[in-house]
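Numbering (UniProt numbering), first residue to last: 1 to 226.
Just below is one structure, and these are the notes that go with it.
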């Protein structure tokens with residue numbers, strides 16, 4: 001019987017949530033996502049120092065103040081990792097925007113509700129589930145447009161032969177008895193405020209990415225002055 005990962009790939013676009021090229025080659029995802037935390041982890045691995053050095057040389061060549069060089073090096077690192085990832089996967093690379101520059105990112109996918117709502121009312125978008133803690137959460141969203149999954153959970157899915165069923169489908173969503181709602185910024189912010197989990201986890205994620213972005217900048221700054 002095919003592995004749970006191979007079964008899932010027939011229902012959902014599997015996205016690797018990592019900056020580690022080795023993991024991508026092993027699990028053969030369609031797309032990939034990166035963020036400051038993942039790039040920081042990869043940047044500390046010896047095998048990726050060539051990409052870091054290239055970003056440093058680029059920033060020095062462009063010139064400017066130290067802060068401008070750090071910013072340019074950060075941007076170049078994301079480009080470098082993205083280009084290398086695209087040599088391995090057939091799809092897209094999604095790079096997280098610096099969390100310190102924006103404050104309007106949604107906290108998390110509201111499980112199947114957001115998928116069903118968008119599909120029923122014909123919104124031209126795709127839904128990507130993320131931030132999974134175990135494989136049951138992943139398999140419970142089988143059929144979602146995209147699921148971005150960490151290497152550790154991809155490995156568990158590859159080792160499992162549990163049958164995977166499509167829990168989310170466009171046909172099923174269109175048959176649901178739900179009403180379309182209109183949401184302006186004020187209503188959105190109030191509803192967000194009323195959802196303690198979404199508010200707290202969103203803030204936690206922004207802080208974590210912000211902290212790791214600062215750590216990555218520190219690494220680059222030290223290399224730029226060498």
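For glycine and all other residues, C-beta sits at the position ideal for the given N, C-alpha and C.
Sequence-distant residues of its chain with Cβ nearer than 6 Å to residue i (five each side left out)
| i | result |
| --- | --- |
| residue 1 | 161 |
| residue 221 | 70 |
| residue 91 | 30, 31 |
| residue 152 | none |
| residue 111 | Interpretation of residue 111 is limited by its pLDDT of 40, a score under 50 that renders its predicted location unreliable; the figure taken from the coordinates is listed afterwards. Result list for residue 111: empty, nothing under 6 Å. |
| residue 212 | 36, 37, 40 |
| residue 219 | none |
| residue 5 | 157, 158 |
Boundaries of the beta strand (DSSP E) in which residue i is found, first to last residue
| i | result |
| --- | --- |
| residue 18 | Element bounds for residue 18: n/a, residue is neither H nor E. |
| residue 135 | Unbroken run through residue 135 is the alpha helix (DSSP H), 135 to 139; no beta strand (DSSP E). |
| residue 94 | 93 to 95 |
Residue i versus residue j: straight-line alpha-carbon distance, rounded
| i | j | result |
| --- | --- | --- |
| residue 73 | residue 172 | 46 Å |
| residue 18 | residue 93 | 10 Å |
| residue 43 | residue 76 | 13 Å |
| residue 122 | residue 176 | 13 Å |
| residue 149 | residue 174 | 27 Å |
| residue 170 | residue 37 | 33 Å |
| residue 82 | residue 7 | 27 Å |
| residue 188 | residue 133 | 27 Å |
| residue 105 | residue 190 | Only weak support exists for where residue 105 lies, its pLDDT of 31 falling under 50; the value from the coordinates is given anyway. Rounded to whole angstroms, residue 105 to residue 190 spans 15 Å at the Cα level. |
| residue 68 | residue 49 | 21 Å |
First and last residue of the uninterrupted alpha helix (DSSP H) at residue i
| i | result |
| --- | --- |
| residue 62 | 49 to 62 |
| residue 37 | 36 to 43 |
| residue 199 | 196 to 224 |
| residue 147 | Taken as a continuous stretch (DSSP letters only), residue 147 belongs to no alpha helix (DSSP H), being part of the beta strand (DSSP E) at 146 to 149. |
| residue 71 | 66 to 86 |
| residue 5 | 4 to 9 |
| residue 173 | 170 to 174 |
7 Å CB neighbourhood of residue i in its chain, flanking five on each side removed
| i | result |
| --- | --- |
| residue 88 | 21, 24, 25 |
| residue 215 | 40 |
| residue 80 | 51, 54, 55 |
| residue 156 | 135 |
| residue 144 | 12, 115, 127, 129, 168 |
Check whether residue i and residue j have beta carbons under 9 Å apart
| i | j | result |
| --- | --- | --- |
| residue 178 | residue 223 | no |
| residue 142 | residue 117 | no |
| residue 126 | residue 146 | yes |
| residue 226 | residue 3 | no |
Cutoff 8 Å; reference residue i; Cβ partners in own chain excluding five residues on either side
| i | result |
| --- | --- |
| residue 84 | 21, 51 |
Are three or more beta carbon pairs between the region 137 to 145 and the region 3 to 17 nearer than 8 Å? Using a Cβ-Cβ distance cut-off of 8 Å, the region 137 to 145 and the region 3 to 17 are in contact, since at least three pairs of beta carbons, one from each stretch, lie closer than that value.
How about the region 25 to 34 and the region 168 to 183: do they share at least three Cβ pairs that are nearer than 8 Å? no
Does the region 60 to 68 come within contact of the region 198 to 207, defined as at least 3 CB pairs closer than 8 Å? no
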